[in-house]
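Peer 1: Numbering (the numbering used here), first residue to last: 12 to 250.
One structure, as structure tokens, below. Some questions next.
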Amino acid sequence: MSVLEAKDISFSYDHQRLFEDANMRLFQDDHAVLVGPNGHGKTTFLKFLAKELSPNKGNISWLNHVKVGYLDQFLALRDDQTVEIYLHDVFEHLFQLESKMIGLYEEASTSNQAMRLIRHASDIQDILEKEQFYQFKSKVDNMVQGLGLSLHVLKQPIAELSGGMKVKVMLAKLLLQDVDVLLLDEPTNFLDKKHIEFLIQYLNQYKGAFLVISHDAYFLSKIAKTVFAIEGKKIEKYK
Ligand SMILES: Nc1ncnc2c1ncn2[C@@H]1O[C@H](COP(=O)(O)OP(=O)(O)OP(=O)(O)O)[C@@H](O)[C@H]1O
Ligand SMILES: [Mg+2]
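What follows is the structure in structure tokens.
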């Protein structure tokens with residue numbers, strides 16, 4: 012089933028025509044890359060898909076309820092939150108459930124409706140276990156270290172990090188989220204060899220679809236099952 016269809020896309024910047032009736036379709040388990048020479052519109056096209064920019068003509072349609080995660084090539088991450096708080100935000104709904112559960116147990120200790128409250132609390136506990144809430148800390152640690160950040164970065168405000176570290180933090184968050192489709196624009200730019208291998212492994216076992224832009228031939232060869240190439244203002248597909 013296709014999760015995304017881009018149909019008859021045309022677009023120009025000022026006098027530079029980038030796309031003319033370009034078409035593309037992404038399927039739900041496609042592991043795809045988008046290639047093309049510098050300046051031919053790869054980043055621009057990904058922005059259409061991420062709904063950050065609209066084409067002059069044509070349609071981008073996503074299947075209903077599909078969750079999309081997007082990593083920008085030139086991201087702007089300015090924040091005085093710590094890295095830890097930024098990453099834990101992924102699990103915010105589970106933290107809220109946990110405090111509700113704790114509240115219910117406390118209330119039960121003084122209530123004459125104790126059994127009902129405890130049953131409710133234990134239902135919540137089941138959800139937390141099913142969602143692997145109790146493993147979240149090690150998940151965060153693995154991801155952060157896998158991408159080449161040391162754990163004490165977690166306590167640092169994002170604003171204090173270098174550009175490369177910010178990309179890693181953003182990539183970590185994106186990969187911790189449970190999205191259906193990943194759109195990554197040059198994700199290896201700030202990664203060294205070892206951490207590129209980590210990302211390759213991650214993407215190979217990824218259950219959803221991804222569309223990745225990169226100039227790194229080795230990385231592309233390791234992750235691509237489908238190749239989209241920008242050619243003559245259109246998008247050609249190669250398997
Ligand atoms: N905001 C803008 N206004 C005008 N022209 C732009 C703008 N953004 C990009 N361009 C131009 O549009 C063309 C396509 O840019 P884009 O960033 O999509 O290319 P790309 O294929 O991602 O290139 P790279 O491989 O260098 O990342 C380039 O010539 C670029 O200079
Ligand atoms: Mg680009």
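Even glycine gets a Cβ: it sits at the ideal position worked out from N, Cα and C.
1. Quick check: the Cα distance between residue 92 and residue 170, rounded to an integer number of angstroms?
2. For residue 118, which residues of its own chain have a beta-carbon under 8 Å away from its beta-carbon, when the five flanking residues on both sides are left out?
3. Leaving aside the five residues before and after residue 203 along the sequence, list all residues of the same chain whose C-beta is less than 7 Å from its C-beta, in chain order.
4. Can you tell me where the beta strand (DSSP E) with residue 32 in it begins and where it stops?
5. Contact between the stretch 105-118 and the stretch 64-77: three or more CB pairs below 8 Å?
6. Apart from the five residues on each side of it in sequence, which residues of its chain come closer than 7 Å, Cβ to Cβ, to residue 16?
7. Report yes if the C-beta of residue 93 is less than 6 Å from at least one heavy atom of ligand 2; otherwise report no.
8. In angstroms with no decimal places, state the Cα-to-Cα distance between residue 97 and residue 116.
9. Out of curiosity, what's the CA-to-CA distance linking residue 113 and residue 66?
10. Is residue 58 near ligand 2, in the sense that its beta carbon is under 6 Å from a heavy atom of that ligand?
11. Count the C-beta pairs between the stretch 47-66 and the stretch 209-229 that are closer than 8 Å, then say yes if the count reaches three, no if not.
12. Do the CB positions of residue 246 and residue 33 come within less than 7 Å of each other?
13. Please give the ranges of any beta strand (DSSP E) in the stretch 157-244, keeping only runs that are unbroken, at least 3 residues long and fully inside the region.
14. Which one or two residues does DSSP pair with residue 11 in a beta bridge?
15. Can you give me the C-alpha to C-alpha distance between residue 126 and residue 139, rounded to a whole angstrom?
Peer 2: Quick look at the numbers:
1. Position 81 of the sequence shown, counting from 1, holds the residue named residue 92. Position 159 of the sequence shown, counting from 1, holds the residue named residue 170. Between the C-alpha atoms of residue 92 and residue 170 there is a straight-line separation of about 8 Å.
2. Residue 118 sits at position 107 when you count from the first residue of the sequence shown. Taken in chain order, the residues that qualify are 128.
3. Here residue 203 refers to the residue found at position 192 when the sequence shown is read from its first residue. Excluding sequence neighbours, residue 203 sits near 159.
4. For the purposes of this step, residue 32 is identified with residue 21 of the sequence shown, where counting begins at 1. Start and end: 27-38.
5. As far as the Cβ criterion goes, the stretch 105-118 does not touch the stretch 64-77, which means the pair count is below three.
6. Within the sequence shown, residue 16 is the residue found at index 5, counting from 1. Excluding sequence positions up to five before and after residue 16, its CB lies within less than 7 Å of the CB of 36, 72, all in the same chain and listed in chain order.
7. The count along the sequence shown starts at 1 and reaches residue 93 at position 82. Outside the cutoff, so no.
8. Here residue 97 refers to the residue found at position 86 of the sequence shown. Here residue 116 refers to the residue found at position 105 of the sequence shown. Using only the alpha carbons, I get a separation of about 29 Å.
9. Translated into positions along the sequence shown, residue 113 becomes position 102. Translated into positions along the sequence shown, residue 66 becomes position 55. If I take the Cα positions, the gap works out to 49 Å.
10. If you number the sequence shown from 1, residue 58 lands on position 47. Not one heavy atom of ligand 2 sits closer than 6 Å to the Cβ of residue 58.
11. Inter-segment contact for the stretch 47-66 and the stretch 209-229 is present: three or more beta-carbon pairs are separated by less than 8 Å.
12. For this step, residue 246 is matched to residue 235 along the sequence shown. For this step, residue 33 is matched to residue 22 along the sequence shown. Between residue 246 and residue 33, the gap from beta carbon to beta carbon is short of 7 Å.
13. You should have 192-196, 220-224, 237-242.
14. Any question about residue 11 goes unanswered here, given that the chain covers just 12 to 250.
15. By one-based count along the sequence shown, residue 126 stands at place 115. By one-based count along the sequence shown, residue 139 stands at place 128. Their Cα atoms are separated by approximately 20 Å.
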